[in-house]
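In what follows, a structure is listed as structure tokens, so that the remarks can point back to it.
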Amino acid sequence: MSLLRLCQQAVRQQTAARAACVATRNHATDSNIPQTTEQKQDAAITEAPQRDVVAADIVSGAPKELRHRVVRIFQPTRSTTQSGSGKSNRWRIDWDILPGAGRWENPLMGWASSADYMQGTRLSFRTKEDAIHFAEKQGWDYYVAATEIKRIPPKNYAENFLYKPDKLRLIRTK
Amino acid sequence: MLRLVSSASKPSSAGVLAKVVVAPSSSRSSRRTFSSTTAKKADITLTVDGKEVTVPQGSALIQACEAAGATIPRFCYHDRLAIAGNCREGVMEFLLANHPLDCPICDQGGECDLQDQSMRYGADRTRFHEISGKRAVEDKDLGPLVKTSMNRCIQCTRCVRFANEVAGVEELGTTGRGNDMQIGTYVAKTMNSELSGNVVDLCPVGALTSKPYAFHARPWELKHTDSVDVLDAVGSNIRVDSRGLVVMRVQPRPNDDVNEEWISDKTRYAYDGLRFQRLTVPLVKQGDRFVTVSWEDALASVADGLVRSGAKGDEIKAIAGHLADTESLVALKDLLNRLGSDNTALDHVGGHAAPVHAVDVRSNYLFNSTIPGVEQADVILLVGTNPRHEAAVLNSRIRKSWLHTTLEVGLIGERVDTTYGYDYLGADAKALADFVAGKGEFAKKFKEAKRPLIIVGSSLVEHPDGAAIFNALAKFTEANKEKLITPEWNGFSVLQRAASRAAAYDIGFVPSKKASSTKPKFVYLLNADEVNPKDIPEDAFVVYQGHHGDLGAQLADVVLPGAAYTEKGMTWVNTEGRAQLGRAAVPPPGASREDWKIIRALSEIVGTPLPYDDILSLRDRMWEISPTLLRYDSLEPTSVDVALTGLKALAAGTANAKVTGEPIKKPIDNFYQTDPISRASVTMAQCTRAFVKGEDYGFSELSNASEAAFA
Ligand code: SF4
Ligand code: FES
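Protein chains in written order, with this note's numbering: chain A, 1 to 174; chain B, 1001 to 1711.
As structure tokens, then:
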């Protein structure tokens, strides 16, 4: 615990600097409003309060380059090939692919090779807040994708036999 | 907990089911005209597995259980189809006994409801002891998209219900009874629908699978990337499934605000076009052939061409096509403006000038009623559009509403098969004039409607009478504003058909009046493959930037290879004005690059560097132009006053338009080939042969062989 606190103190300066940077650079935050530097001068817009997050990436040993990449926080949608909605409750973090030379076809076997060590990684969380918290802790820029919009009207069997006064429109071949 | 309803950003409250949205009230009341009791929309609270849930009256028990988090195994029930109750009827259980044990060679393996349910609830050894062997059913030929293996069919009839209710294909149905029941088309027809690919998803087993994807990959090998479709302007939500460097298939992503759960066959199957005809290296024309060069040389020769052509100001012209993403449109417009030109044009017929509806007010060119809003309309007038081909999933909504309510549809334009009935009013501006004057049955119905809707086709801006038609519609809408334009309802909707169009209008990618009459000396084609080659002067220096070697690249002096929509994470604005963020699934092939980066690099070389170095600062620039471009997944409705001002301006701007009386033609003749990607696709070519030309070229030998061959 004390080690953690020590680290926390040591990096507080850095965190503050980065938090500011995150604030200006999130290109799609939760509210989908990018905060440009111009807006920051506007007194009418209050800045999001800076939260005290432990900068875990200092001790995690993760490569620095990760901080230059934006992560996506999202909830996977249900697969349309199946009825079950398994796995669509959790929240995920994954990385955009590296453009350019992040992947290539290996000349020996024709398989895909990759220079992107995050291409196979995805993290699951129980809630969106957990995922956001984790990304902030790691110092990653993130954007949150909107969740699935679902509106299923109530259905019942009797609707098949409803009488309609006007011309027949639905021809059933079942 | 499973939710029936969730809103974009709010996580639904735990425990209690958020209220299930009921079908629009107009539909309910009309459905119930003959019922003796009045329809009460009470909520019912019940306890499932010790958990209390509240569902609206009339919900099925399976819905209530699902809301309570208890998923009931099912085969025939589907959220978006009518209830059939097939699997509890008993027949299906016997059919299941006959289901072949061919999971290792079945494409559904790994994403099969039957596989999962038998793993979970089934016995571990067979109880099948029929000496006569298993039931066998002949395979059917449904065309080049849907592969059948009818032994596996469990008669859930989801495919039939989909064909009846959503796609409007009445040929697909069941024949026979009991154990002899079969699914097929009547008689031996292919399934001709733009939505036929969806039955592959619906089929809970492997009876209907995807023909182009057959035996190519297993679901667990695929990497899923959520993205947005760009092959029409609906902006269907898709999931791009890739393996390694290749897009293996495209699946729909449910979103009830846009595409429900369906996508069109072009969206689903044109992906193989991403592998063919690609531009992978920069090319420079020398004599009559293209020579491969490095990026530096290519960009230098563009800069050189700009100088040599002597183009100044408006003589520098940019033309943007259907598949240009918003970021690159913004970058290109900024670059042109910095070079002193206002000549930013689009690649449709007459795209060299600003469209008749102008682009000052958003509601003049957007689908204002919104896509889900279509279901609230009680009378729809289609003007110069065939939604079935221009926005197939939107068309299914109109059909849904037409089936379940008393919706009336009228059509002005070329006669087409829309999958729902309509009153045909005529083919030209005169028919519209009659309608406006209140002549005819349909005009009366329209007057009486509570929520009338006019859907205006995007092809009208290309039509010689377009201005006159827009003028008449604007005046009509204004005159009937108490119904057509209210705070809750905007019944004047323009249906775009190109993915980039709404964004192009939003950022003002249209030429000024002076610029549009200037003869260009330097032409920059950004994904512009629908241009008329005659519109480009012989002596102009032409640059093409895009991902396919299609029409535009042929015209070019320098070709710069860009990325296709599955290879870049860009913003797309759909016909409603809904901005959505796509996502890169695979890297662009060869030396091709993301489009905005190419333009950014070029700006450096021509000596007017653009002030953004990364995508985030480019998006800041987009935010300056219009915040709506970055408000992802949400809509910004136009207020009544602004919409009316827009219509006034539209009416004033087109006031002295003459009517030539030329009939309106449908803009899309061949649904399957509308853009460079689908034109490069083998599957789409097969569809063209099978469905558009009606050739039976024997894509399945099985169907031709005699039955004895398999005995
Ligand atoms: S083919 Fe598939 S969807 Fe159609 S009835 Fe058979 S199992 Fe159901
Ligand atoms: S799912 Fe209920 S009867 Fe088929």
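Backbone N, C-alpha and C define an ideal beta-carbon position, used for all residues, glycine too. Computed from a predicted structure; not experimentally measured.
Straight-line Cα distance separating residue j from residue i
i: SER1500 of chain B; j: SER1678 of chain B; result: 16 angstroms
i: GLY100 of chain A; j: ARG1593 of chain B; result: 7 angstroms
i: GLU1695 of chain B; j: PRO1144 of chain B; result: 12 angstroms
i: ALA1449 of chain B; j: LEU1382 of chain B; result: 15 angstroms
i: PHE1522 of chain B; j: LYS1312 of chain B; result: 9 angstroms
i: THR77 of chain A; j: ARG1239 of chain B; result: 9 angstroms
i: CYS1065 of chain B; j: PHE1435 of chain B; result: 50 angstroms
i: ALA1515 of chain B; j: PRO1252 of chain B; result: 42 angstroms
i: VAL1494 of chain B; j: TRP111 of chain A; result: 46 angstroms
i: CYS1106 of chain B; j: TRP1220 of chain B; result: 14 angstroms
i: PHE990 of chain B; j: LEU1460 of chain B; result: Residue coverage of chain B in this structure runs from 1001 to 1711, which leaves residue 990 of chain B outside it and unanswerable.
i: ARG72 of chain A; j: GLU65 of chain A; result: 16 angstroms
i: PHE74 of chain A; j: PRO1637 of chain B; result: 26 angstroms
i: THR29 of chain A; j: VAL1187 of chain B; result: Note that THR29 of chain A has pLDDT 42, beneath the 50 cutoff, so the model's placement of it is unreliable and the number below is only indicative. Those two C-alpha atoms are separated by around 55 angstroms.
i: ALA1472 of chain B; j: LYS1444 of chain B; result: 17 angstroms
i: ASP116 of chain A; j: LEU1329 of chain B; result: 29 angstroms
i: LEU1602 of chain B; j: ASP1641 of chain B; result: 42 angstroms
i: LEU168 of chain A; j: GLY1168 of chain B; result: 14 angstroms
Simplified DSSP state of residue i, which is helix, strand or coil
i: TYR1612 of chain B; result: coil
i: GLU1488 of chain B; result: coil
i: GLY1538 of chain B; result: A small correction: the amino acid at residue 1538 of chain B is Glu; Gly does not occupy that position in the sequence shown. DSSP places GLU1538 of chain B in coil when its eight states are reduced to three.
i: ASN1237 of chain B; result: strand
i: TYR1565 of chain B; result: helix
i: ARG72 of chain A; result: strand
i: MET994 of chain B; result: Within the shown structure, residues of chain B are numbered from 1001 to 1711, placing residue 994 of chain B beyond reach of any answer.
i: TYR1077 of chain B; result: coil
i: GLN1376 of chain B; result: helix
i: GLY1546 of chain B; result: strand
i: THR66 of chain A; result: Note on identity: in this sequence residue 66 of chain A is Leu, with Thr being the wrong assignment. Note: LEU66 of chain A maps to helix in three-state DSSP.
i: ASN1343 of chain B; result: strand
i: TYR142 of chain A; result: strand
i: ASP1272 of chain B; result: helix
i: MET1248 of chain B; result: strand
Neighbourhood of residue i by C-beta, 6 angstroms cutoff - its chain only, sequence neighbours within 5 removed
i: SER1036 of chain B; result: For SER1036 of chain B, the pLDDT reaches just 48, beneath the cut-off of 50, and the residue's location in the model is therefore unreliable, although a value from the coordinates is still provided. Excluding residues within five positions, none has a Cβ falling inside 6 angstroms.
i: PRO1589 of chain B; result: ARG1278, THR1280
i: GLU136 of chain A; result: VAL53
i: SER1341 of chain B; result: GLY1313, ASP1314, ILE1316
i: THR1418 of chain B; result: ARG1388
Residue j beta carbon less than 7 angstroms from that of residue i
i: THR81 of chain A; j: GLU1111 of chain B; result: yes
i: ASP1529 of chain B; j: GLY1562 of chain B; result: no
i: VAL1361 of chain B; j: ILE1380 of chain B; result: no
i: ALA1354 of chain B; j: VAL1230 of chain B; result: no
i: ALA1585 of chain B; j: SER1301 of chain B; result: no
i: ASP1139 of chain B; j: SER1196 of chain B; result: no
i: VAL1205 of chain B; j: ARG1161 of chain B; result: no
i: ALA1553 of chain B; j: TYR1544 of chain B; result: yes
i: ALA1433 of chain B; j: ALA1651 of chain B; result: no
i: ALA1504 of chain B; j: ALA1298 of chain B; result: no
i: ARG1631 of chain B; j: ALA1233 of chain B; result: no
i: ARG1135 of chain B; j: ASN1098 of chain B; result: yes
i: TYR1269 of chain B; j: THR1683 of chain B; result: yes
i: THR1575 of chain B; j: ALA1685 of chain B; result: no
Own chain residues within Cβ distance below 8 angstroms of residue i, not counting five before or after
i: ARG1218 of chain B; result: GLY1109, GLY1110
i: TYR1213 of chain B; result: ASP1107, MET1248, ARG1249
i: TYR157 of chain A; result: none
Sequence-distant residues of the same chain with beta carbon closer than 7 angstroms to residue i, five excluded per side
i: PRO1537 of chain B; result: LYS1519, PRO1520
Exercise. Check distances from the C-beta atoms of the segment 104-124 of chain A to those of chain B and list, in chain order, the residues that come in under 7 angstroms.
Key: GLU105, TRP111, ALA112
Exercise. Check distances from the C-beta atoms of the segment 1249-1263 of chain B to those of chain A and list, in chain order, the residues that come in under 7 angstroms.
Key: GLN1251, PRO1252, ARG1253, PRO1254, ASN1255, ASP1256, ASP1257, GLU1261
Quiz item: Residues with a Cβ closer than 5 angstroms to any heavy atom of the ligand FMN, in chain order?
Solution: As far as ligands go, the structure on display features the ligand SF4 and the ligand FES and does not contain the ligand FMN.
Quiz prompt | Residues, ordered as in the chain, of the segment 78-107 of chain A that lie near chain B by beta-carbon distance below 7 angstroms | solution = ARG78, SER79, THR80, THR81, GLN82, SER83, GLY84, SER85, ASP96, ILE97, PRO99, GLY100, GLY102, ARG103, GLU105
Quiz item: In the segment 1206-1238 of chain B, which residues sit with their C-beta less than 9 angstroms from some C-beta in chain A, listed in chain order?
Solution: PRO1219, LYS1223, HIS1224, THR1225, ASP1226, ASN1237
Quiz item: Got a sec: which bits of the segment 1083-1110 of chain B sit with their beta carbon under 8 angstroms from any beta carbon on chain A, in order along the chain?
Solution: ILE1083, ALA1084, GLY1085, GLN1108
Quiz item: Looking at chain B, which residues of the segment 153-169 of chain A have a Cβ within less than 7 angstroms of any of its Cβ atoms?
Solution: PRO153, PRO154, LYS155, ASN156, TYR157, GLU159, ASN160, LEU162, TYR163, PRO165, ASP166, ARG169
Self-check item: Cβ-based contacts, 8 angstroms cut-off: residues of the segment 1046-1063 of chain B near chain A
Solution: If the cut-off is 8 angstroms between Cβ atoms, the segment 1046-1063 of chain B has VAL1055, PRO1056, GLN1057, GLY1058, SER1059, ALA1060, GLN1063 near chain A.
Exercise. Below 8 angstroms between beta carbons is the criterion; list the residues of the segment 1112-1123 of chain B that meet it against any residue of chain A, in chain order.
Key: CYS1112, ASP1113, ASP1116
Exercise. May I ask you to list, following chain order, the residues of the segment 1383-1407 of chain B that have a beta carbon less than 7 angstroms from some beta carbon of chain A?
Key: TRP1402, LEU1403, THR1406
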